[in-house]
Amino acid sequence: GAVVSQHPSWVICKSGTSVKIECRSLDFQATTMFWYRQFPKQSLMLMATSNEGSKATYEQGVEKDKFLINHASLTLSTLTVTSAHPEDSSFYICSAPGPGRSNQPQHFGDGTRLSIL
Amino acid sequence: GQQLNQSPQSMFIQEGEDVSMNCTSSSIFNTWLWYKQDPGEGPVLLIALYKAGELTSNGRLTAQFGITRKDSFLNISASIPSDVGIYFCAGPWAGNMLTFGGGTRLMVKP
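As they're listed, the protein sequences go chains A and B. All the letters of the first sequence, read from the start, carry residue numbers 1 to 117 under my numbering. All the letters of the second sequence, read from the start, carry residue numbers 118 to 227 under my numbering.
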């Protein structure tokens, strides 16, 4: 089945550091990918829709200058948390719709746990 | 986006028991998805439902797409310790986006 690979799986860094998270679709192309944030014991919260070759669409309340998204190829989207602070610590997950017909289920990466000291 | 109401929020059951959880929405959905999330990992698709009334099984898991298209349930039969995790229902919202239920945390006593 469709596989989405996310890297790194865990990042610990100092406050003020910028962190880049990669999301790759393996063996299929994804013109759209999605980035979620998940706090402990809560559901996934959509942050933004990543569109290949164009600007990302951000959900209300998500700072686009803080969470930079680039979708430069059909298999890779990146999320950069700029000048990260402790309140940005969270679990970040990406997803992509599977290949084939429309309304394919989304497949998720394994997530990135970001811890800002 | 549209929020799905998922219940129960958590369940603590004995190994071997059957489990049932459900999701409801105020809007009609054309697709219902059920995912399981293990700690520290991304959600994994369990079952996808595309037709009202559809009943689909995946091993010990069975899910149904409600006739009204506003609800779905997931059953797990004869639970085992590895069933522990958080189960999410999800439905499409505004094109390819997904909206999620709040999750059902399942804990199994051996």
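Note that the Cβ used here is the ideal one computed from N, Cα and C, for glycine as well.
Problem - The beta strand (DSSP E) enclosing B:F129, as first and last residue numbers - result: Secondary structure note for B:F129: its beta strand (DSSP E) is the uninterrupted segment 127-131.
Handout entry: Where B:P160 falls: helix, strand or coil (DSSP)
Key = Coil.
Problem - Contacting positions in the stretch 74-106 of chain A - beta carbon closer than 7 Å to chain B - result: Those residues of the stretch 74-106 of chain A placed with their C-beta closer than 7 Å to a C-beta in chain B are I93, P97, N103, P105, Q106, ordered along the chain.
Handout entry: Beta bridge counterpart(s) of B:T179 as assigned by DSSP
Key = B:T179 is bridged to B:S174, B:N192.
Practice task
Just grab the DSSP bridge partners of B:M138 for me.
Solution key: The partner list for B:M138 (beta bridge, DSSP) reads B:L191.
Practice task
Consult DSSP for A:E59 and reduce its assignment to one of helix, strand or coil.
Solution key: A:E59 falls in the coil class under three-state DSSP.
Handout entry: Neighbouring residues, chain B, relative to A:G53 (Cβ below 7 Å)
Key = Simply none; closest approach about 16 Å.
Practice task
Enumerate, from N- to C-terminal direction, the unbroken beta strand (DSSP E) stretches of 3 or more residues contained entirely within the stretch 74-116 of chain A.
Solution key: Runs found: 76-81, 90-97, 106-108, 112-116.
Handout entry: Distance, A:M47 Cα to A:I93 Cα
Key = So the alpha carbons of these two residues sit roughly 10 Å apart.
Handout entry: DSSP-derived helix/strand/coil call for A:S15
Key = In the three-state DSSP reduction, A:S15 falls in the coil class, being neither helix nor strand.
Problem - Three-state secondary structure (DSSP) of B:S199 - result: Under the three-state reduction of DSSP output, B:S199 falls in the helix class.
Exercise for the section: With distances taken Cα to Cα, identify the nearest neighbour of A:C13 among A:H85, A:L74, A:K64, A:V3. Expected result: Looking at the Cα atoms, A:H85 is the closest of the given residues.
Practice task
Note down, in chain order, each residue of its chain lying with its Cβ closer than 7 Å to the Cβ of A:T75, except the 5 sequence neighbours on either side.
Solution key: So the list reads R24, S25, Q29, A30, once near-sequence residues are dropped.
Handout entry: Within 8 Å of chain A by C-beta, residues of the stretch 156-179 of chain B in sequence order
Key = Using a CB distance below 8 Å, the part of the stretch 156-179 of chain B facing chain A consists of G157, E158, G159, P160, V161, L162, A165, Y167, ordered along the chain.
Practice task
Compare the C-beta of A:R24 against all C-beta atoms of chain B and say whether one is closer than 8 Å.
Solution key: Residue-level contact by beta carbon fails for A:R24 and chain B, as no gap is shorter than 8 Å.
Problem - Other residues of its chain near B:N175: CB distance less than 7 Å, five sequence neighbours each side excluded - result: Cβ neighbours of B:N175 beyond the five flanking positions: L163, I164.
Practice task
Taking only the alpha-carbon atoms, compute the straight-line gap between B:C206 and B:Y152 and give it to the nearest angstrom.
Solution key: Each residue's Cα considered, the two are about 6 Å apart.
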